[in-house]
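Have a look at the structure below before the remarks.
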Amino acid sequence: MLSSITKHVRSTFRYAANLRALSTTISQGKETEMDELDHLLAKYFMEGEHVRPQKLLEQAENIGIHLTEPRFRLTHSKIQKIMRENPGGVCSLEEFKDTIADSLPLVLRIAQGKVIIPRFKQFSEKITNLYDEEKSNYSGTVADYIPQLAKYSPDFWGVAVTTIDGQRLNLGDTEVNFALQSSVKPFMYAVSITEESPQYVNKFLGTEPSGHDFNEILLDDENKPHNPMINAGAIVVASLIKPNLPLAERTIHMLDVMSKLTAGDKIAIDLPMFISERENADRNYAIAHYMNDHSCFPKGTNLREACDLYFQYCSIMMNTSQGSLLAASLANGGVCPLTGERVFADSAVRDALSIMHSCGMYNYSGTYAFEVGLPSKSGVSGVILTVIPNVMGICTWSPPLDMRINSVRGVEFHRKLVERFNFHNFDLIMDNYVSRGGIDPRMRTFSKEHQITSVLFAAMKGDIRLMRMFAFSGYNFDSADYDGRTALHIAAAEGQLEVCKFLLERCHVYIDPKDRWGQTPLYEAIRAEHDTVVGWLQSKGATS
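Using UniProt numbering, the letters of the sequence shown correspond one by one to residues 1 to 544.
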C-alpha cells in the first residue's frame, strides 16, 4: 500500500512532499514509493532513454507559468545549465529529479495541467481579443485635478491577468508605472483587519454605499464613514495602521506589505505625486476635521499624520502586471500565488472583497455589481483591480475616465469579459447561461469517453449543477455511449424530470433519439413507470 506521502503526490500535487522527503523514504527501504515518482516523471518527460528538460519549459509556457518567477527560478537555472552543457540538452532521470527538487510540486502540476485555467493559450487568445477591441476606444478624459495625474498619456492601455496558480498574461503597457490612488483602499482595509481585528476596525466604519461622491463631507446615521472605499473611510483606516509607530515606519510597513503581495518586488512611493496630493488636499483635510469633530477616530489620532499616510498610500506606484498580482493575492485568500506567503487573514480578504463588490467603483458601484458582478476597485489614475475569487486577479489601466471617474476602457473590458466568460458571481446558477454563449475556462478537457460517462452519471443522479458545468464547456448532449444511449435516455429511465427539462428546454436536444435496441427516452420512462416524466415528455411531442 502506498504511503500517505505518495498518495499526496498523486492526488493533490499542490502540497506534495518534495524530492528530499521522498529520497529519505528510499533510504528507509520504501523503494516502491520512489518507483511511483519515477513512473510519473518518466510518463511526462522521458523521450527514449533520456529526459529532455526543455519539454518542461515548453509545458510551463503553454499554461502561462513564467519561468523566472520565485517558485521556478532555481529549477529554471539548472535546466538552462543542462541545455548548455549536456550533449543534445538531455539528461538522465536521476539528474532530472535533482534538477527539479526545489520545485517538484509545481513541476508535477505543470506536467498534468492541474491549474485553474487548463487551456491557458485559448483563454489568452480571447483576452487578447478583448484587449484589442478596446484599444481603439478613445472616449473619456484624463484626470487633471492633481497635476501629476494629468501627465498620463491617454494612449496608455494595459491588461494583466494572474491566476491563483501563478499563470500570467500581460498585454500592452504593463510595465509602465502609475499611482494606485483609490485602488489601494482595499489593501489598507485588509492590512488593518489582519493586524487588529474585524470587530475593532469595523467599529469605526460603515459598510453601506454612500450614494454620494467619494470625497463628500458626510457621515452615516451612526456618525461613521459610510465605507472604507471612500475618502472619509480610507483616512480613518490609515489612522488604524500601526498607530504607535513613527510616521516613516508606518509608511515603510505598508510598502513591505505591498512588496509581499507582489512576490518581493521593490515598491515605492512617488514623491512628486505625494506632494501634488498634499498640495490639493483642502477637501480631504476638511473631511478629516469634520470626522474628528464627530469622534470618528481612535483617541490620540494625529490628523495630519493620518492624512499624510493616506496621501502616501495613494501615491504608491505599480505597473499593471504587479497590480494583477495584488488582485490575485486576494483571489487566493490573502496568499501570494508566486511565493505561497500568507499576507492577509481570511476574514480580512472576505471583508475587503465584500466592500469592493458593493462600493468599489464610486457612484457606478451598483450598476457595475449588477452588470459585471465581480469585486473591483478603481482609481483616478485609470486603474481597475478585479478579483475573481479562487480563480484570478485582473488589472486594467487606461487613464481616460468617464463621468463617474472610472476608466472607460477598463469598464468596457470588464463588461465584455463577463459576456464571454461565466465569471459573473451568479452565472453558475443560471440555466439559460448556456444560451448566452459563455465559456468557463476552468473546465478541464477530458476524452470523449470520459465526458460521456460523466454526463450520463450526472443525468442518472439528477445533478443539475454538473450538467450545467458540462454545458458551459460546450458539451454536445446529443452524444451517445456505445449502446446509443444519451443523457435524455438515462434521465427518463431514472425519473429525473428536472434533468429532462434542462436537456430539452435549455440545451435543445433531440427528443426521440434511439439506442441500439431502437428504444427512445419516452419508452424508457414508460417501462420504468415514471408517470410524471412520461406525461411531460408526451406534452413535448415525444414518441415511444
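Every residue, glycine too, gets a C-beta built ideally from N, C-alpha and C.
- Query: Out of curiosity, what's the CA-to-CA distance linking Pro272 and Ala150?
  - Reply: Near 13 Å, if we compare the C-alpha coordinates of Ala150 and Pro272.
- Item | Ordered list of alpha helix (DSSP H) runs contained in the region 25–103, each at least 4 residues | Runs of the alpha helix (DSSP H) inside the region 25–103: 31–45, 54–62, 73–85, 93–99.
- Item | Whole-angstrom distance between Gln322 and Asp173, CA atom to CA atom | It is roughly 12 Å from the alpha-carbon of Asp173 to the alpha-carbon of Gln322.
- Message: Using 8 Å as the threshold, is the C-beta distance between Ile464 and Phe502 below it?
- Response: Result yes, Cβ atoms of Ile464 and Phe502 sit closer than 8 Å.
- Message: Rounded to the nearest angstrom, what separates Glu249 and Val237 at their Cα positions?
- Response: Looking at the two C-alpha atoms, the distance is approximately 16 Å.
- Query: Measuring CB to CB, does Tyr290 end up less than 8 Å from Cys307?
  - Reply: At least 8 Å separates the beta-carbon of Tyr290 from that of Cys307.
- Query: Looking only at its own chain, which residues have a Cβ that is under 7 Å from the Cβ of Thr328, when we skip the five neighbours before and after it?
  - Reply: Note that residue 328 is Ala in the sequence shown, not Thr. Short of 7 Å from the beta carbon of Ala328, and not among the five residues preceding or following it, lie these beta carbons of its own chain, in chain order: Thr162, Thr163, Ile164, Pro337, Met392, Gly393.
- Item | Among Arg516, Asp515, Leu497, Arg527, the one whose alpha carbon lies nearest that of Lys540 | Closest option to Lys540, Cα to Cα, is Leu497.
- Task: Would you mind sorting Thr367 into buried or exposed? The rule is 16 or more other CB atoms within 10 Å of its CB.
- Result: Around the beta carbon of Thr367, a 10 Å sphere encloses fewer than 16 other beta carbons of the protein chains shown; the residue is thus reported as exposed.
- Message: Tell me which residue opens and which closes the beta strand (DSSP E) that Gly172 is part of.
- Response: From DSSP, the beta strand (DSSP E) with Gly172 extends over 168–172.
- Three-state secondary structure assigned by DSSP to Pro337: Pro337: coil per DSSP, three-state reduction.
- Give the straight-line distance between the Cα atoms of Lys377 and Ser315, rounded to the nearest whole angstrom. A direct Cα-Cα distance of roughly 16 Å separates Lys377 from Ser315.
- Could you tell me whether the region 136–146 touches the region 397–407, using the rule of 3 or more Cβ pairs below 8 Å? Under the 8 Å Cβ criterion, the region 136–146 counts as touching the region 397–407, having at least three qualifying pairs.
- Message: Looking at the strands, I want to know which residues DSSP matches up with Lys377.
- Response: Bridge partners of Lys377 according to DSSP: Leu385.
- Task: Check the DSSP bridge columns for Pro400 and list the partner residues they point to.
- Result: Answer is Val142, bridged to Pro400.
- Message: Check this for me: beta carbons of Glu341 and Val335, under 8 Å apart or not?
- Response: With respect to the 8 Å criterion, Glu341 and Val335 are classified as neighbours on the basis of their beta carbons.
- Task: Please state whether DSSP places Thr532 in a helix, a strand or coil.
- Result: Under the three-state reduction of DSSP output, Thr532 falls in the helix class.
- Message: For the pair the region 54–63 and the region 95–114, tell me if three or more CB-CB distances fall below 8 Å.
- Response: With the cut-off at 8 Å, the region 54–63 and the region 95–114 touch.
- Query: Gln199: buried (16+ other C-beta within 10 angstroms of its C-beta) or exposed?
  - Reply: Of the residues assessed, Gln199 falls on the exposed side of the cut-off, its CB having fewer than 16 other CB atoms within 10 angstroms.
- Message: Distance cutoff 8 Å, beta carbons only. Does Ala480 sit that close to anything in chain C?
- Response: Checking the listed chains, one finds no chain C in this structure; it contains a single protein chain.
- Best match in Leu171, Tyr145, Pro118 for proximity to Glu133 [C-alpha to C-alpha]: Considering only alpha carbons, the answer is Leu171.
- Message: Tell me the DSSP secondary structure of Ser407 in three-state form.
- Response: Three-state result, Ser407: strand.
- Item | Per-residue DSSP class, three states only, for Met318 | Taken through DSSP and simplified to helix, strand or coil, Met318 comes out as strand.
- Query: So what's residue 619 in DSSP terms, helix, strand or just coil?
  - Reply: The structure shown does not extend to residue 619, since the chain is modelled only from 1 through 544, so no value can be given for it.
- If you check the beta carbons only, do Thr262 and Leu325 fall under 8 Å apart? Annotated as proximal: Thr262 and Leu325, with beta-carbon spacing under 8 Å.
- Message: Taking the alpha-carbon of Phe156 as reference, which of Leu303, Leu245, Thr320 has the nearest alpha-carbon?
- Response: Closest by C-alpha distance to Phe156, out of Leu303, Leu245, Thr320, is Thr320.
- Item | For Gln538 and Thr486, the rounded distance between their alpha carbons | If you take the alpha carbons of Thr486 and Gln538, they lie about 18 Å apart.
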